[in-house]
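Following: one structure in structure tokens, then a few remarks.
Numbering (full-length UniProt numbering), first residue to last: 1 to 424.
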């Protein structure tokens, strides 16, 4: 499989990333609008793609949009918001067949036109979004926010991060807050959207077996760009000295305890120790051969699940586990012991080889999904990391045990969060 990436500046703060690969029979276009993650707009930003996909000037409702997509051999539209560090990213993605495999021609041009219609030509009434669509999507967003508590595993990690980063924007929930919805109406939301369109950095990723020059020209000709002063979104502050550990206990009607530990790594993603940190986390809690899994789950039978993962942009390491309520202290002690063992270098060359193999397999699998490729390139762009996949793999392969120990020694426990059963 051939893979190359060409990046072109289209306008101020607008970049086109053409990811050329012959692996897929479809083309994928993802348009990412990047905003600062701040309380004053997080809920509005989450609402925007939900409202925009409801209808446009030429396709008044979602049924009309779906019919147009059906005409394009079943092209698929998806929208969402994600959190990447202290940035909130509004995503519009359209996937459709490559022209080579269907009888139509210029499908990619039609796909770009539809995305332009959804983003730049929304359905308006009296100079603002439709009240009906905004009110319905406010209710849908309210339900989405309220339902986050249903997935206790994810909820517990989110709550640990909220407590850990209490006075930092990283603590904000990507879908926003129910209490902020009441102040949003169609007029205010549309006014905010005009600001978003004019001032946000925009990254466009097109993945497929494409002609770079032809697709570049098609995009420029068919996507309206209205630019004002583009905002500069500041890099997250990741260095923090821990003076007091934060212990948070929350009670709910649950059948299983959720113990989550949040560590500051103080290793920015630009640092030479970032790849050693990834390997260290994989040895510690990256799978069935990891130290946490073997000692907490297999040896002591204390956890239903346990894992660790690095949160790239904020330089945090999270350990998440599901346990019996009565096993809290014993589980906590063993987790701390395993972290200390990593700092002391109590792991083998075999552990390192397995961790490297696991990470490299995971990175290589990015090439198997056009959506993952687009998201991968966006993540690297936001991190100002323009290495290709092979260069990152080479760096991982060359990490030494001393570097892994050095990365482990930078771990500092910040927050212990325990979700337990409600007292009778």
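In this text, a Cβ means the ideal position worked out from N, Cα and C, and glycines have one as well.
Since the model is a prediction, treat every value here as computed from it, not as a measurement.
Kindly say whether residue 102, judged by its beta-carbon, lies nearer than 8 angstroms to any beta-carbon of chain D.
Of the chains in the structure shown, none is chain D; there is only one protein chain.
Can we say the segment 219-236 touches the segment 105-112, given the rule of at least three CB pairs closer than 8 angstroms?
Contact check between the segment 219-236 and the segment 105-112: three or more CB pairs, one atom from each, fall below 8 angstroms, which counts as touching.
Answer with buried or exposed for residue 242, where buried requires no fewer than 16 other C-beta atoms within 10 angstroms of its C-beta.
Residue 242 comes out exposed.
Note down the Cα distance separating residue 375 from residue 212, rounded to an integer number of angstroms.
In this structure, the CA atom of residue 375 is about 19 angstroms from the CA atom of residue 212.
When the Cβ atoms of the segment 316-323 are set against those of the segment 387-396, are three or more pairs found closer than 8 angstroms?
With the rule of 3 Cβ pairs closer than 8 angstroms, the segment 316-323 does not count as touching the segment 387-396.
Taking just the CA atoms, how far does residue 299 sit from residue 92?
Rounded to whole angstroms, the separation of the alpha carbons of residue 299 and residue 92 is 46 angstroms.
Terminal residues of the beta strand (DSSP E) in which residue 310 lies:
Counting along the chain, the beta strand (DSSP E) containing residue 310 begins and ends at 303-311.
Can you say whether residue 214 is buried or exposed, counting buried as having 16 or more other CB atoms within 10 angstroms of its CB?
Counting Cβ neighbours within 10 Å, residue 214 comes out exposed, since fewer than 16 surround it.
Counted within 10 angstroms of its Cβ, other Cβ atoms place residue 249 as buried (16 or more) or exposed
Under this definition residue 249 is an exposed residue.
Report buried or exposed for residue 265, applying the criterion of at least 16 other Cβ atoms within 10 angstroms of its Cβ.
The residue is buried, with at least 16 neighbouring Cβ atoms inside 10 Å.
Suppose the cutoff is 8 angstroms on Cβ atoms and the five residues either side in sequence are ignored; what does the same chain contact list for residue 62 look like?
53, 54 and 55.
Restricting to Cα atoms, I'd like to know which of 352, 51, 246 and 84 is closest to residue 380.
Comparing Cα-Cα distances from residue 380 to each of 352, 51, 246 and 84, the minimum goes to 84.
According to the neighbour-count rule (16 or more other Cβ atoms, all chains shown, within 10 Å of its Cβ), is residue 281 buried or exposed?
That one is buried.
Taking just the CA atoms, how far does residue 290 sit from residue 73?
Answer to the nearest angstrom: the Cα atoms are 45 angstroms apart.
Please work out which residues of its chain come closer than 6 angstroms, Cβ to Cβ, to residue 80, disregarding the five sequence neighbours upstream and downstream, and give them in chain order.
91, listed in sequence order.
Are the segment 202-212 and the segment 130-150 touching by the rule of at least three beta carbon pairs closer than 8 angstroms?
By the Cβ rule, the segment 202-212 does not count as touching the segment 130-150, because fewer than three pairs are nearer than 8 angstroms.
Spatial neighbours of residue 305 within its chain, please: C-beta separation below 6 angstroms, excluding the five flanking residues on both sides.
Around residue 305: 322.
What is the DSSP secondary structure of residue 142, counted as helix, strand or coil?
When DSSP states are grouped into helix, strand and coil, residue 142 belongs to the helix group.
Just how far apart, CA to CA, sit residue 273 and residue 279?
Going from the Cα of residue 273 to the Cα of residue 279 covers about 10 angstroms.
Please classify residue 88 as buried or exposed, where buried requires at least 16 neighbouring CB atoms within 10 angstroms.
Counting other Cβ atoms within 10 Å of its Cβ, residue 88 reaches 16 or more and is therefore classed as buried.
From residue 216 to residue 377, what distance separates their C-alpha atoms?
Distance from the CA atom of residue 216 to the CA atom of residue 377, rounded to whole angstroms, is 17 angstroms.
Specify whether the segment 185-196 and the segment 339-350 touch according to this definition: at least 3 beta carbon pairs, one from each stretch, less than 8 angstroms apart.
Short answer: they don't touch.
Distance CB(residue 426)-CB(residue 414) smaller than 8 angstroms:
Any question about residue 426 goes unanswered here, given that the chain covers just 1 to 424.
On a Cα-Cα basis, can you pick out the residue from 51, 167, 287 and 238 that is closest to residue 131?
Among 51, 167, 287 and 238, the Cα nearest to that of residue 131 is on 51.
Reference residue 423; option with closest CA among 192, 162, 251 and 25
Among 192, 162, 251 and 25, the Cα nearest to that of residue 423 belongs to 251.
For residue 231 versus residue 199, is the C-beta distance shorter than 8 angstroms?
It is a contact, given that the beta carbons lie within the stated cut-off.
Could you compute how far the alpha carbon of residue 172 sits from the alpha carbon of residue 28?
Looking at the backbone, the Cα of residue 172 and that of residue 28 are separated by about 30 angstroms.
Using a 10 Å radius around the Cβ and a threshold of 16 neighbouring Cβ atoms, would you call residue 386 buried or exposed?
Counting the other CB atoms within 10 Å of its CB gives residue 386 a total below 16, which places it among the exposed residues.
In terms of residues, what are the limits of the alpha helix (DSSP H) holding residue 376?
Judged by DSSP secondary structure, residue 376 falls within the alpha helix (DSSP H) whose first and last residues are 370-382.
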